[in-house]
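>
Number of protein chains: 2
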Amino acid sequence: MQEKEALAVQDLYADEFSWCYGCGRLNEHGHHFKTRWHGDHTVTTYTPSSTHTAIPGFVYGGVIASMIDCHGTGSASLALYRKNGHEPGDGAEPPRFVTASLNVNFVKPTPQGVELRALGTIHEIHPKKWQVEAEVYADDQLVARGEVIAVVMPSTFAQK
Amino acid sequence: MQEKEALAVQDLYADEFSWCYGCGRLNEHGHHFKTRWHGDHTVTTYTPSSTHTAIPGFVYGGVIASMIDCHGTGSASLALYRKNGHEPGDGAEPPRFVTASLNVNFVKPTPQGVELRALGTIHEIHPKKWQVEAEVYADDQLVARGEVIAVVMPSTFAQK
Numbered sequence: 011m012q013e014k015e016a017l018a019v020q021d022l023y024a025d026e027f028s029w030c031y032g033c034g035r036l037n038e039h040g041h042h043f044k045t046r047w048h049g050d051h052t053v054t055t056y057t058p059s060s061t062h063t064a065i066p067g068f069v070y071g072g073v074i075a076s077m078i079d080c081h082g083t084g085s086a087s088l089a090l091y092r093k094n095g096h097e098p099g100d101g102a103e104p105p106r107f108v109t110a111s112l113n114v115n116f117v118k119p120t121p122q123g124v125e126l127r128a129l130g131t132i133h134e135i136h137p138k139k140w141q142v143e144a145e146v147y148a149d150d151q152l153v154a155r156g157e158v159i160a161v162v163m164p165s166t167f168a169q170k
Numbered sequence: 011m012q013e014k015e016a017l018a019v020q021d022l023y024a025d026e027f028s029w030c031y032g033c034g035r036l037n038e039h040g041h042h043f044k045t046r047w048h049g050d051h052t053v054t055t056y057t058p059s060s061t062h063t064a065i066p067g068f069v070y071g072g073v074i075a076s077m078i079d080c081h082g083t084g085s086a087s088l089a090l091y092r093k094n095g096h097e098p099g100d101g102a103e104p105p106r107f108v109t110a111s112l113n114v115n116f117v118k119p120t121p122q123g124v125e126l127r128a129l130g131t132i133h134e135i136h137p138k139k140w141q142v143e144a145e146v147y148a149d150d151q152l153v154a155r156g157e158v159i160a161v162v163m164p165s166t167f168a169q170k
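Chains E and X supply the protein sequences, listed in that same order. In my numbering, each residue carries its 1-based index in the first sequence increased by 10. In my numbering, each residue carries its 1-based index in the second sequence increased by 10.
Right, here's the structure in full:
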């Protein structure tokens, strides 16, 4: 699959919702996580920088948690977008989700200098609330499992 | 309490374990989270930067998750250190923990420009495994609840 050439959902968020430190395309200092369809699953790839250290040689868990967080909201957005009849590239704006909860189990130390892949499995709880299960791989090693409950951005996030 | 003047556990980790992107004093690019005793509880304070955005005006959840992560390992380290008869400043090196699991519930949107306080309640599971419950406040508002299971750093993290 040419997943790296497909549009990511973060390429499609409205400008005002594209400043996220994890995945906002307009945040110069952020991670720029990108989440795409991968069949009926989703994938986010990211190579942590050399400064994203836990113990030297291993990736900081907070960066892995961040990756799972944005992978979760991005996956939920793609899922509701598809449910509403849209695919990336058709010109519609995808819904913006926020994270209600984030759980991460660190399965083994994550080596630095390796591209990480988060694979997502998405379950609808109801149209405004989705569960995203994530498995994070470094090469072919499962290094973390996560779960995000993502909800459509409530109006409390609107700027005054 | 003069908690900001007390030594933080991250000031006491051995140099080789002080490169964490979250809390390592030697990582120039990291957050520099600092965890201190607060009676029988622990506290980590941190003011996210203006780039640590989720939606403009609100703090990125991945940074809050990162804060809870290092607050958890730091709190567990302080607890085992105290159990072993040590207090920050007595010259002994505290044990270094890593995170086995991290759970975060985002209670409400977290405003930017406010100092965050994570308060920790620590439970021993066994001497090498501790549970740390965290409540994160922005001013007097509870914005997130978290739980970390922290384990003494296993030998798999040793550099070759």
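Positions of the beta carbon are idealized from the N, C-alpha and C atoms, including for glycine. Computed from a prediction, not measured in an experiment: that's the story for all the values here.
Identify each residue in the segment 92–115 of chain X for which the Cβ-Cβ distance to at least one residue of chain E is less than 9 Å, and report them in chain order.
R106, V108, T109, A110, S111, L112, N113, V114, N115
> Can you tell me which of X:D149, X:C80, X:P58 puts its alpha carbon nearest to the alpha carbon of X:L112?
X:C80
> Closest to E:V108 by CA distance: which of X:L152, X:Y70, X:Q151, X:T57 is it?
Nearest neighbour of E:V108 by Cα position, chosen from X:L152, X:Y70, X:Q151, X:T57, turns out to be X:Y70.
> Considering only C-alpha positions, which residue in the set X:D149, X:A89, X:R127 is nearest to X:V19?
X:A89
> Less than 7 Å separating the beta-carbons of E:R92 and E:M163?
In this structure, E:M163 does not lie closer than 7 Å to E:R92 by Cβ.
> Residue range of the beta strand (DSSP E) that E:S111 falls in?
107–116
> Can you tell me where the alpha helix (DSSP H) holding E:A102 begins and where it ends?
Note, E:A102: premise wrong, no alpha helix (DSSP H); not H, not E.
> Assuming X:V69 is part of the alpha helix (DSSP H), what are its boundary residues?
Unbroken run through X:V69: none, as it is neither H nor E.
> What is the DSSP secondary structure of X:Q20, reduced to helix, strand or coil?
For X:Q20, the secondary structure class from DSSP, reduced to helix, strand or coil, is helix.
> In chain E, what lies closer than 9 Å to X:G84 by C-beta?
What X:G84 touches in chain E: nothing, since even the nearest Cβ is about 13 Å away.
> By a C-beta neighbour count over all protein chains shown, 10 Å radius and 16 as the cutoff for buried, is E:T45 buried or exposed?
buried
> Would you mind stating whether E:V114 and E:V153 have Cβ atoms separated by less than 7 Å?
no
> Where do the ends of the beta strand (DSSP E) carrying X:Y147 lie?
Per DSSP, X:Y147 belongs to the beta strand (DSSP E) from 139–148.
> Expressed to the nearest angstrom, what Euclidean distance is found between the alpha-carbon atoms of X:P137 and E:E134?
40 Å
> Please classify E:S60: is it buried, with 16 or more other beta-carbons within 10 angstroms of its beta-carbon, or exposed?
exposed
> Answer with yes or no whether the minimum CB distance from E:G130 to chain X is below 7 Å.
no
> Around the C-beta of E:A110, are 16 or more other C-beta atoms found within 10 angstroms, so that it is buried, or is it exposed?
Residue environment for E:A110: buried (at least 16 other C-beta atoms within 10 angstroms of its C-beta).
> Mind checking if X:H81 is an interface residue toward chain E, Cβ cutoff 7 Å exclusive?
False, the Cβ-Cβ gap to chain E never drops below 7 Å.
> Taking the alpha-carbon positions, what's the E:S76 to X:P98 distance?
31 Å
> Excluding five sequence neighbours on each side, which residues of the same chain lie with their C-beta closer than 8 Å to the C-beta of E:R155?
V114, N115, V117, E143, A144, E145, V146
> Going by the beta-carbon positions, is the gap between X:S28 and X:L17 smaller than 7 Å?
The answer is no: Cβ separation not under 7 Å.
> Using the Cα positions of X:G40 and E:V73, report the straight-line distance between them to the nearest angstrom.
11 Å
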